[in-house]
Structures are given as C-alpha cells and as structure tokens.
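Engineer: Going by this note's numbering, the sequence shown opens with residue 402, and the numbers climb by one from there. We treat Cβ as the ideally placed atom computed from N, Cα and C, and that holds for glycine. Since we're looking at a predicted model, the values are computed, not measured.
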Amino acid sequence: MGTLYIVGTPIGNLEDLTPRAARILGEVSLVAAEDTRVSRRLLNHLGIRPRTTSFHEHNWREKLDGLLSELAKGDVALVTDAGMPGVSDPGSELVAAAQADFKVEVVPGPSAVTAALAISGFSGDGFQFLGFLPRRKKERQASLRDALSSKVPLVLFEAPHRLRATLTDLESVMGERPLAVCRELTKLHEEVFRG
C-alpha cells in the first residue's frame, strides 16, 4: 500500500525545491505531473528518472483509476508545473479519491500566492485568494463584484494574454485601489508593478 505525496515544486527558481521534496521525488515509483515535459526538466536537474505520467484538467477522469491502482503497488508523487497541486492547479481530484484508502502526505513548497503578497508590500495579516478569474468578461466582473467588500488584499492569478482585460475590469468594478502586478517571481526577470 503506497502513499500519495502532494509535492510543491518551484514557481520559477529550481533552487527553491526543498530537500525533502527532492528526496521524495527520487524515491517514488511514479510521478503524476501536470505536464511531463515541464516536470522532466526538474527531474533532470535533480538527476533522477522516475516513471512519469500526465495528470491534468483534460485527462484526470481517464487517469484517476490507473493512479489509484499505482498507489496500491507503491508511492506516487503528484506535482504541477509550478507551485502546489490543487491550488489553482490540477490534483484535488486525485487527493480526494486517494484519501479514502491511502495515506496522503503534503510536501509543501514555494507558493506564488504568498510570494506575491510578501513582495507587494500590502499587509499580510489576512488576504482573500481568488485563483484564476473566469475567462468571460461577464463572469469575471461578477467574481470581482463578489469580492468588492473585502477589507483584505485580494490575490489572483491571470494569464498574460488576459491581463489587460482583467486590469480594465478591476478598475471598472473596484475603482481606484492600490494594486501590485507580479510576474516571473523568483526568476531572473522578476518584475513587480505597483500603482
């Protein structure tokens, strides 16, 4: 009977991987990855070659039973391209299914959420995490209206190609507020824009 390890991976800088995460990735019989090509870069950097399989939003239904069968035989690590599985990334479905019959352990790692909050200069005494906003303008604005009364900093993720539209919606719905846009955190070209 195996253990499912939920392993946090670097959000940019490979040196941010914890020693525990590196050890576990080297010990498991299988790594379930959001994108095996991205995860392979990390595994190659570590000099390890575990078996890998993809597990993401488009294939999780087809892969779930097979991964549970793998857990019956040995340990499996769940990773995403960057950050923590299940936090605005795939993985929660496998974790929920595995908890009934298997041991599940978290191996925490870097977090884009807390990194952005820390570098923003806003109070970190509390915050509200919105994840990725909806793609469609109407739904995106509705999500922002729902968060309008929040008295704590809002943290959200956005794809680069939707950033301009989201910034327009933020101004339209929320009016004038302090804002920090953080990109490429922990990488060579890290940038933080405040306004």
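1) Please state the DSSP three-state secondary structure of residue 404.
2) Could you tell me the distance, in whole angstroms, from the CA atom of residue 554 to the CA atom of residue 531?
3) When you compare each of 506, 541, 520 to residue 569 by their alpha carbons, which one comes out closest?
4) Since residue 455 is in the beta strand (DSSP E), which residue starts that stretch and which ends it?
5) Determine the direct distance from the alpha carbon of residue 501 to that of residue 461, and round the result to whole angstroms.
6) Which residues in the same chain as residue 580 place their Cβ atom closer than 6 Å to its Cβ, once the five residues preceding and following it in sequence are excluded?
7) What are the boundary residues of the beta strand (DSSP E) that includes residue 532?
8) If distances are taken between C-alpha atoms only, which option among 479, 465, 514 comes closest to residue 429?
Structural biologist: If we stick to the structure as given:
1) As a first step, residue 404 is located in the sequence shown; it is residue number 3 there, counting from the start. Secondary structure at residue 404: strand, using DSSP grouped into helix, strand and coil.
2) Counted from its first residue, the sequence shown places residue 554 at position 153. Counted from its first residue, the sequence shown places residue 531 at position 130. If I take the Cα positions, the gap works out to 11 Å.
3) Here residue 569 refers to the residue found at position 168 when the sequence shown is read from its first residue. With distances taken between Cα atoms, residue 569 lies closest to 541.
4) Residue numbering aside, residue 455 sits at position 54 when the sequence shown is read from its first letter. Where residue 455 is concerned, the enclosing beta strand (DSSP E) starts and stops at 452-455.
5) One-based indexing of the sequence shown puts residue 461 at position 60. One-based indexing of the sequence shown puts residue 501 at position 100. In this structure, the alpha-carbon of residue 461 lies about 18 Å from that of residue 501.
6) The residue given as residue 580 occupies position 179 in the sequence shown. The residues are 596.
7) In the sequence shown, residue 532 corresponds to position 131, counting from 1. First-last of the beta strand (DSSP E) with residue 532: 529-533.
8) Counting from one through the sequence shown, the residue named residue 429 turns up at place 28. Residue 429 has its Cα closest to that of 479, out of 479, 465, 514.
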